[in-house]
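Visitor:
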Ligand code: KG4
Ligand code: ZN
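Residue numbers (the working numbering): 6 to 387.
Next comes the structure, spelled out in structure tokens:
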């Protein structure tokens, strides 16, 4: 059983042998946070409290099993919003204690990485693919809360045991906004709705991505770090005090009168200049993500990249990764969209390997808003 509550999705899943999803239940809070244009932490934790039990029960019920049948409980221990994390963590901890089952703490980023491995394993079980996901690999975890490059290696802790474990080395991360956060903020500025990523993805198809040249994002120091606040601010300057701002205000007023807005209706409310601006923004962000990830693969001499997290749903990002990696002789792997965004199947799958390797958490397990990868409870001395 996996439990995930680090941000605005309350999720529980049952996964068999780390590779077969029996159930994957996600209660999204998008509708609650949409009117604020971003996640409101206090509202998020309250909603997690309301949803955690029904979601866990649904995950078990739909799998046709009793909660007592689970072999272990894996919970996200960080990073994330502390109030949100605590709800899932305390629930999972209590569940494990009450059922007398082993408990495992999982890093949220580790979960996103395992989403790629899980997708691959399911593809193999279904006979759709024949090869294992190649490791070591560079993973780009790119979402509303994270933009990180991580080198993932498989290790065999003991020559005799069957279990595998994973080693993570952080290569770079964002110094300011996460890529998804930049999508969300630009969408908010232009009154396009929340979350911004999916809307911009679809609207950008109607714009000219060459219209505005934001230039390449330059990084001093580690070239594998990211920064998206510059491009976000450049958009702000192109909008503030111009007809685009007025247009956004009108769009906002129009949106308030509507419950559901189709992408076509929204497009009809956007000038060509707005569509060109968001297409150019998306191109700049995607180009930067692809180039730094492939540079990381080159620097670490690996020939596969994994791309995971909510922004990995982006259609341009997926296309560009496929094209660019092919030219570089590298394999690019993505989870399906439902496993890209926050879910508990990825947590259960990551937890399975820890359970097998005996990396168990104890009663001291607690939530950490900023939890470096590789420093989960079982990795720290207690
Ligand atoms: O992984 P996720 O569900 O939650 C976090 O851990 O943050 O990712 C949500 C983020 C949001 O910022 C959303 O705008 C972005 O992923 N996103 C996208 C797309 N779908 C979701 N960004 C760009 N293009 C998309 N198609
Ligand atoms: Zn996430």
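Heads up, the beta-carbon is just placed ideally off N, CA and C, and yes, glycines get one too.
Helix, strand or coil: which one does DSSP assign to residue 372?
Guide: Coil.
Visitor: Shortest alpha-carbon distance to residue 135 belongs to which of 142, 141 and 127?
Guide: Nearest of 142, 141 and 127 to residue 135, Cα basis: 127.
Visitor: State whether the stretch 108-124 contacts the stretch 337-353, with contact taken as three or more CB pairs (one from each stretch) at a distance under 8 Å.
Guide: These segments touch.
Visitor: With a threshold of 7 Å (Cβ to nearest heavy atom), would residue 151 be considered close to ligand 1?
Guide: Yes, ligand 1 has a heavy atom inside 7 Å of this Cβ.
Visitor: Nearest-angstrom Cα distance between residue 261 and residue 30?
Guide: Using only the alpha carbons, I get a separation of about 30 Å.
Visitor: Any heavy atom of ligand 2 closer than 7 Å to the beta-carbon of residue 13?
Guide: Checking every heavy atom of ligand 2 against the Cβ of residue 13, none is found closer than 7 Å.
Visitor: Spatial neighbours of residue 323 within its chain, please: CB distance less than 7 Å, with the 5 preceding and 5 following residues excluded, ordered by chain position.
Guide: Once the five neighbours on either side are set aside, the close Cβ partners of residue 323 are 339.
Visitor: State the beta-bridge partners of residue 146 as determined by DSSP.
Guide: 153 and 313, per the DSSP bridge assignment.
Visitor: Touch check for the stretch 315-331 and the stretch 146-159: three-plus C-beta pairs under 8 Å?
Guide: The stretch 315-331 vs the stretch 146-159: in contact.
Visitor: Expressed to the nearest angstrom, what Euclidean distance is found between the alpha-carbon atoms of residue 386 and residue 156?
Guide: Because residue 386 carries a pLDDT of 38, less than 50, the predicted location of this residue cannot be relied on, and the following value inherits that uncertainty. Their backbone Cα atoms lie some 23 Å apart in a straight line.
Visitor: Hey, how far is the Cα of residue 208 from the Cα of residue 301?
Guide: Rounded to whole angstroms, residue 208 to residue 301 spans 30 Å at the Cα level.
Visitor: Closer than 6 Å by C-beta to residue 354: which residues in its own chain qualify, once you throw out the five before and the five after it? Chain order, please.
Guide: Contacts found: 20, 23, 119 and 123.
Visitor: Measuring only from the beta carbon, is residue 148 closer than 7 Å to any heavy atom that is part of ligand 2?
Guide: True, at least one ligand heavy atom lies under 7 Å from that Cβ.
Visitor: For ligand 1, any of its heavy atoms closer than 7 Å to the Cβ of residue 316?
Guide: Checking every heavy atom of ligand 1 against the Cβ of residue 316, one is found closer than 7 Å.
Visitor: Could you check if residue 8 is buried or exposed, using at least 16 other CB atoms within 10 Å of its CB as the buried criterion?
Guide: The residue is buried, with at least 16 neighbouring Cβ atoms inside 10 Å.
Visitor: Give the DSSP-derived three-state secondary structure of residue 225 in the structure shown.
Guide: Correct three-state label for residue 225: coil.
Visitor: Does the separation of the CB atoms of residue 217 and residue 281 fall below 8 Å?
Guide: Contact: yes.
Visitor: With respect to 7 Å, is the separation between the Cβ of residue 112 and the closest non-hydrogen atom of ligand 1 below this value?
Guide: Residue 112 Cβ: outside cutoff for every heavy atom of ligand 1.
Visitor: Helix, strand or coil: how does DSSP classify residue 7 here?
Guide: Reduced to three states, the DSSP call for residue 7 is strand.
Visitor: At what residues does the beta strand (DSSP E) containing residue 28 begin and finish?
Guide: That run of the beta strand (DSSP E) goes 25-33.
Visitor: Does the distance from the C-beta atom of residue 176 to that of residue 154 stay below 8 Å?
Guide: Contact: yes.
Visitor: Just confirm the distance between the C-beta atoms of residue 108 and residue 378, as a whole number of angstroms; I'd bet it's less than 8 Å.
Guide: Residue 108 to residue 378, Cβ: 19 Å. No contact.
Visitor: When burial is assigned at 16 or more other CB atoms within 10 Å of the CB, is residue 160 buried or exposed?
Guide: Residue 160 is exposed by the Cβ-count criterion.
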